[in-house]
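Going by this note's numbering, the letters in the first sequence line up with residues 394 to 894, in that order.
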Amino acid sequence: MTRPFYLTTAIDYANGDPHLGHALEKIGADVIARWHRLRGEPVHFLMGMDEHGQKVHQAATAAGSEPGPWTDAISERFNTTWHRLHCSHDDWMRTTEPRHTRAVTALLERIQATSPSHLFQGEYEGLYCVGCEEFKQEGQLVEGKCAEHPSADLVPTRERNTFFRLSAWRDDILASIESGELRVEPAIRRNEILSVLRSGLQDISISRSRLPWGIPFPGSVDETVYVWFDALINYLSGTGYPDEGWDTLWPADLHVVGKGITRFHCIIWPAMLRAAGLPMPRMVWAHGYVQWDGAKVSKSEGTAVSLDEAVDRHGADALRWFLMREVGFEADGDFSFERFDARYASDLADGLGNLASRATAMLVKYRDGVVPESPPPTTLDDAAMALTQEYVTAMSTLALRDAAAAIGRLVSEADGFVSASAPWALAKAGDDDALDAVLAALARTLLRLALMAAPFMPEKAGALWAALGQHGGPEGQWARAERPEMAGMTVIKPENLFPKS
RNA sequence: GGCUGGGUAGCUCAGCUGGUUAGAGCGCACGACUCAUAAUCGUGAGGUCGGGGGUUCGAGUCCCCCCCCAGCUACCA
Numbered sequence: 394m395t396r397p398f399y400l401t402t403a404i405d406y407a408n409g410d411p412h413l414g415h416a417l418e419k420i421g422a423d424v425i426a427r428w429h430r431l432r433g434e435p436v437h438f439l440m441g442m443d444e445h446g447q448k449v450h451q452a453a454t455a456a457g458s459e460p461g462p463w464t465d466a467i468s469e470r471f472n473t474t475w476h477r478l479h480c481s482h483d484d485w486m487r488t489t490e491p492r493h494t495r496a497v498t499a500l501l502e503r504i505q506a507t508s509p510s511h512l513f514q515g516e517y518e519g520l521y522c523v524g525c526e527e528f529k530q531e532g533q534l535v536e537g538k539c540a541e542h543p544s545a546d547l548v549p550t551r552e553r554n555t556f557f558r559l560s561a562w563r564d565d566i567l568a569s570i571e572s573g574e575l576r577v578e579p580a581i582r583r584n585e586i587l588s589v590l591r592s593g594l595q596d597i598s599i600s601r602s603r604l605p606w607g608i609p610f611p612g613s614v615d616e617t618v619y620v621w622f623d624a625l626i627n628y629l630s631g632t633g634y635p636d637e638g639w640d641t642l643w644p645a646d647l648h649v650v651g652k653g654i655t656r657f658h659c660i661i662w663p664a665m666l667r668a669a670g671l672p673m674p675r676m677v678w679a680h681g682y683v684q685w686d687g688a689k690v691s692k693s694e695g696t697a698v699s700l701d702e703a704v705d706r707h708g709a710d711a712l713r714w715f716l717m718r719e720v721g722f723e724a725d726g727d728f729s730f731e732r733f734d735a736r737y738a739s740d741l742a743d744g745l746g747n748l749a750s751r752a753t754a755m756l757v758k759y760r761d762g763v764v765p766e767s768p769p770p771t772t773l774d775d776a777a778m779a780l781t782q783e784y785v786t787a788m789s790t791l792a793l794r795d796a797a798a799a800i801g802r803l804v805s806e807a808d809g810f811v812s813a814s815a816p817w818a819l820a821k822a823g824d825d826d827a828l829d830a831v832l833a834a835l836a837r838t839l840l841r842l843a844l845m846a847a848p849f850m851p852e853k854a855g856a857l858w859a860a861l862g863q864h865g866g867p868e869g870q871w872a873r874a875e876r877p878e879m880a881g882m883t884v885i886k887p888e889n890l891f892p893k894s
């Protein structure tokens with residue numbers, strides 16, 4: 394059996410509601426997962442929640458609740474939201490689940506066994522930011538506050554706890570990233586990490602005393618595992634670790650994370666794995682942030698852009714499209730309803746949707762919906778083939794925005810082809826051969842478009858797929874985008890794929 | 001302060017190792033068509049390529065200085 398493509402998103406911190414910033418990451422990862430399934434590869438796609446730590450404890454308490462019920466409710470809300478956005482994760486990992494706790498304990502014990510000197514006792518004193526769940530250095534402060542959480546006070550804290558010898562792994566990790574054993578993309582993120590590594594690493598504290606809401610530190614009575622150390626291990630618990638068979642999924646092929654947490658994923662996490670004698674993940678992709686009129690929409694200082702409102706606007710698929718096509722999965726990008734509306738109208742309603750309508754309407758009108766026998770090539774087939782190749786290249790380098798753009802260009806090519814060949818004139822003139830050639834080429838192009846759009850807009854692509862007389866789903870059918878064959882198949886005109894209110 | 005990216009038409013962005021009148025999409029104006037969700041197609045207007053020097057026969061594309069934006073980082077998490 395082929396080893397599955399194992400990809401993960403970051404697990405979100407259970408202290409608020411899901412918003413657009415979270416959604417970008419989940420959708421981007423979902424597009425990647427669906428792309429692999431489209432090509433017939435087995436996929437294991439993990440998402441989940443990060444539920445331990447001081448901030449969750451505080452949020453629950455402030456809400457007059459207990460951490461347990463509180464995180465149950467939040468976890469449910471997130472997972473429901475992701476399903477509403479058509480995320481196709483195979484598993485949902487909560488760090489409060491026994492299977493995760495077991496994996497954390499097992500990994501720590503394995504580190505202890507493999508690299509005994511890498512866990513040691515120490516004392517730390519510093520200013521702790523509850524929002525970040527980490528200590529801050531003087532130089533990181535802005536007006537005496539944490540730059541990420543200016544509304545919260547920093548807490549002077551002194552703790553005796555367990556340290557992890559992160560510094561020992563600097564050269565190893567540096568070499569791994571430079572050699573490509575651990576790929577860090579896009580390049581700007583890799584440069585940042587390399588620069589951090591070159592300037593040296595500090596050992597880190599990985600336990601917390603006096604904090605009950607966490608996983609008990611193995612061998613200690615009053616310490617819990619530092620929430621970041623805990624959280625990262627979810628990628629391993631998602632494989633079933635330490636039960637037999639976990640290594641059919643590990644190492645992960647791809648961790649999709651936000652640019653703000655690349656260090657945890659590209660330095661601390663690989664070091665943890667190395668210390669345990671386990672392989673590093675193959676790749677970390679750090680996406681940018683969604684901005685709202687230039688302002689950051691973060692998990693912590695969340696700008697109030699209602700995800701529900703955005704979904705209700707034009708539907709989940711349209712939101713997915715907008716985030717991938719305009720906001721992008723690499724650098725930061727802006728979200729606004731004005732831009733969303735414009736994209737919806739031009740790319741989807743007047744673009745893909747209208748093309749599907751006009752092409753299927755002509756097939757029904759002139760040929761009773763039966764795609765005529767008229768093999769390629771036409772000028773449209775040639776253009777479509779080239780764009781299909783561009784799409785493949787873009788998808789395989791995770792240039793999701795470029796891939797989406799290729800879809801838009803194919804729609805334009807097809808519209809131009811219709812105008813240039815004027816099938817209605819061919820019908821009037823009774824030029825059946827020429828009309829057949831045009832209609833057949835359009836049918837092939839719609840099939841391609843349904844397949845290319847499937848990772849981005851699964852519901853709409855599925856509706857188009859069905860209207861083209863295809864059974865089942867597009868999953869596993871990518872080869873047909875490269876050699877589309879539609880002759881003899883019966884198409885119907887679908888309901889408006891993207892209605893204009 | 002250091003480092004890394006970026007600053008190209010109103011908006012979103014392409015422009016590899018320097019080479020004819022700087023491109024695309026959206027939006028806008030005008031025209032055409034009628035298969036289609038009043039959709040589509042064509043044409044046009046619109047840019048001193050952040051600013052200033054320099055190298056070159058020739059620079060958006062190389063070098064130097066400056067300005068602005070974003071991020072990372074800085075006498076221990």
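From the three backbone atoms N, C-alpha and C, an ideal C-beta is built for every residue, glycine too.
- Residue burial is scored here from C-beta neighbours: residue 662 has at least 16 other C-beta atoms within 10 angstroms and is therefore classed as buried.
- DSSP, reduced to helix, strand and coil, places residue 429 within a helical segment of the structure shown.
- Contact annotation: residue 762 and residue 883 have beta-carbon atoms nearer than 7 Å.
- Here the C-alpha atom of residue 872 lies approximately 24 Å from the C-alpha atom of residue 744.
- Look at the beta carbons and you see the segment 398-407 touching the segment 642-655: at least three pairs across the two are nearer than 8 Å.
- The bridge partners DSSP lists for residue 584 come to none.
- Counting only the Cα atoms, residue 721 lies some 33 Å from residue 667.
- Sequence-distant Cβ neighbours of residue 847 in its own chain, meaning closer than 7 Å and more than five residues away, are 427, 431, 854 and 867.
- When the five nearest sequence neighbours on each side are left out, the beta carbons in the same chain lying within less than 6 Å of the beta carbon of residue 597 are those of 557 and 559, in order along the chain.
- Within the segment 699-756, the runs of alpha helix (DSSP H) at least 4 residues long that lie entirely inside it are, in chain order, 700-707, 709-715 and 730-736.
- In this structure, residue 680 lies near residue 418, with their beta-carbon atoms less than 7 Å apart.
- Contact annotation, residue 487 with residue 440: C-beta distance approximately 10 Å; criterion of less than 8 Å not satisfied.
- Annotated three-state conformation of residue 665 is helix, per DSSP.
- The beta carbon of residue 707 lies closer than 6 Å to those of 737 in the same chain, with the five residues before and after it left out.
- Cβ-Cβ distances below 6 Å link residue 733 to 715 in the same chain, with the five nearest sequence neighbours on each side left out; the list follows chain order.
- Inter-residue distance for residue 624 and residue 409 is about 17 Å (C-alpha atoms, whole angstroms).
- Apart from sequence neighbours up to five positions away, the residues of its chain that approach residue 799 with a beta-carbon distance below 6 Å are 780, 783 and 784, ordered along the chain.
- A straight-line Cα-Cα distance of about 8 Å links residue 710 and residue 479.
- Of 483, 517, 548 and 414, the smallest CA-CA separation from residue 447 is found for 548.
- For residue 810, there is no enclosing beta strand (DSSP E); the residue is found in the alpha helix (DSSP H) stretching over 793-814.
- The residue among 725, 794, 747 and 830 with its C-alpha nearest the C-alpha of residue 773 is 830.
- At the C-beta level, residue 436 and residue 793 stay beyond 7 Å of one another.
- Here residue 817 is exposed. Its C-beta has fewer than 16 other C-beta atoms within 10 Å.
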